[in-house]
Amino acid sequence: MNVFAPGEFAERIASLRPSEPEVRKSDRRRYRTIWISDVHLGTRGCNAELLIDFLDSVDSDTLYLVGDIIDGWRLKKSWYWPAKHNDIVWRLLKRAKRGTRVIYIPGNHDEVFRQFTGLSFGGVEIRSKAIHETADGRRLLVLHGDEFDAVVLYARWLAFLGDAAYELLMKINTVINKVRARFGMPYWSLSKHAKHKVKNAVEFISRFEEAVAKAAGDRQLDGVVCGHIHTAEERQFGDVVYYNDGDWVEGCTALVEHFTGKMEILHWADEVNARVMPLQQANAA
1 MNVFAPGEFA ERIASLRPSE PEVRKSDRRR YRTIWISDVH LGTRGCNAEL LIDFLDSVDS
61 DTLYLVGDII DGWRLKKSWY WPAKHNDIVW RLLKRAKRGT RVIYIPGNHD EVFRQFTGLS
121 FGGVEIRSKA IHETADGRRL LVLHGDEFDA VVLYARWLAF LGDAAYELLM KINTVINKVR
181 ARFGMPYWSL SKHAKHKVKN AVEFISRFEE AVAKAAGDRQ LDGVVCGHIH TAEERQFGDV
241 VYYNDGDWVE GCTALVEHFT GKMEILHWAD EVNARVMPLQ QANAA
């Protein structure tokens, strides 16, 4: 199966039965809009179990897939596509079939899909960027954000080198969390911790956020939603609000809009830990 033939890929996945059946919860949380990005399907770093739990726990009128959903860079080097990754794509397509408006904005790791901008596959609209209007009337620019990353734009070889280093960090992160799980300890992100400790990383993130917010301000918009840097955040830059929905590799976060227009970042690993830990403690007692 060619992952980069969107029409055929969507049809085949939609016709499959998921290896992990969808849990149809009666108490699913409903939101007006959900944004997720940087899932990196096709890599071992993708936290598929947490994302499946998230998708089975929430619903929305509109769902934005803000880039790097599939990691084409990694799949070109070696094929890795477990059943749970099919399950995620199946859930996204099923959501579109049930009436959710699903808008896919490809990023740099799934840039091959940018050639299909303006088309729709399996009910999923592919766009280069979008303008989202919130329930309280604010207009937000939605884009992946790699166009503001000078490393990706002007030193592509360096971006691939950074990608290799990041993959190594993710492997270490996976091992650490397997050990933590055996001891009943909650999920913890090594790379997220490293980012906050390394001065250059913090400075890069700050400059990136300012550049993206400025682009929205130059368009006379009220805010911007992006992904790319795997750092969930809400910041105010003058009259422009910057939102980053994070990722599903390390942080496992999503940005949601309530029906009032209120925006919120959900930290799903924390929510799962809060749900599971009391059960583990009760069983240990």
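The opening position of the sequence shown corresponds to residue 1 in UniProt numbering, with each subsequent residue numbered one higher.
Glycine is no exception: its CB is placed at the ideal position from the N, C-alpha and C atoms.
At the level of alpha carbons, what is the spacing between residue i and residue j?
| i | j | result |
| --- | --- | --- |
| isoleucine 36 | aspartate 247 | 7 Å |
| aspartate 38 | histidine 258 | 22 Å |
| alanine 83 | leucine 93 | 15 Å |
| leucine 51 | alanine 135 | 26 Å |
| phenylalanine 54 | serine 78 | 28 Å |
| arginine 74 | threonine 62 | 29 Å |
| tryptophan 81 | alanine 254 | 23 Å |
| leucine 41 | glutamate 111 | 14 Å |
| serine 19 | valine 240 | 43 Å |
| glycine 137 | glutamine 220 | 14 Å |
| cysteine 46 | phenylalanine 113 | 19 Å |
| residue 289 | glutamate 210 | The question about residue 289 has no answer here: the residues shown for the chain are numbered 1 through 285. |
| residue 286 | aspartate 56 | Residue 286 lies beyond the stretch modelled for the chain, which goes from 1 to 285, so this question has no answer here. |
| isoleucine 265 | glutamate 234 | 8 Å |
| valine 249 | aspartate 270 | 14 Å |
| tyrosine 31 | serine 128 | 24 Å |
| arginine 98 | arginine 139 | 26 Å |
| glutamate 22 | valine 212 | 36 Å |
| valine 124 | alanine 96 | 6 Å |
| alanine 48 | lysine 214 | 34 Å |
One question on the structure: do residue i and residue j come within less than 8 Å of each other, judged by their Cβ atoms?
| i | j | result |
| --- | --- | --- |
| cysteine 226 | histidine 144 | yes |
| aspartate 245 | alanine 232 | yes |
| histidine 230 | glycine 261 | no |
| leucine 119 | alanine 216 | no |
| valine 102 | isoleucine 13 | no |
| valine 224 | tyrosine 242 | yes |
| phenylalanine 148 | phenylalanine 208 | yes |
| isoleucine 34 | serine 60 | yes |
| arginine 44 | threonine 174 | yes |
Could you please give the first and the last residue of the uninterrupted alpha helix (DSSP H) stretch that includes residue i?
| i | result |
| --- | --- |
| aspartate 87 | 83 to 97 |
| arginine 74 | 72 to 77 |
Taking residue i as part of the beta strand (DSSP E), name the residues at either end of that continuous run.
| i | result |
| --- | --- |
| alanine 254 | 253 to 257 |
| phenylalanine 148 | Per DSSP, phenylalanine 148 belongs to no beta strand (DSSP E) and is neither H nor E. |
| alanine 135 | It is not in any beta strand (DSSP E) - alanine 135 carries neither H nor E in the DSSP assignment. |
| isoleucine 69 | Segment: none, isoleucine 69 is in no beta strand (DSSP E) and carries neither H nor E. |
| isoleucine 126 | 124 to 126 |
| valine 225 | 223 to 226 |
DSSP three-state call for residue i: helix, strand or coil?
| i | result |
| --- | --- |
| glutamate 210 | helix |
| leucine 141 | strand |
| alanine 232 | coil |
| glycine 217 | helix |
| aspartate 270 | helix |
| arginine 32 | strand |
| leucine 41 | strand |
| isoleucine 205 | helix |
| arginine 24 | coil |
| tyrosine 100 | Correcting the residue type first, residue 100 is threonine in the shown sequence and not tyrosine. Coil. |
| valine 112 | helix |
| glutamate 49 | helix |
| valine 240 | strand |
| serine 60 | strand |
| serine 15 | helix |
Does the Cβ of residue i lie closer than 7 Å to at least one heavy atom of the ligand ATP?
| i | result |
| --- | --- |
| tryptophan 81 | In the structure on display, the ligand ATP does not appear, and there are no ligands present to speak of. |
Q: Take every Cβ of the stretch 64 to 81, pair it with every Cβ of the stretch 104 to 113, and state whether three or more of those distances are shorter than 8 Å.
A: yes
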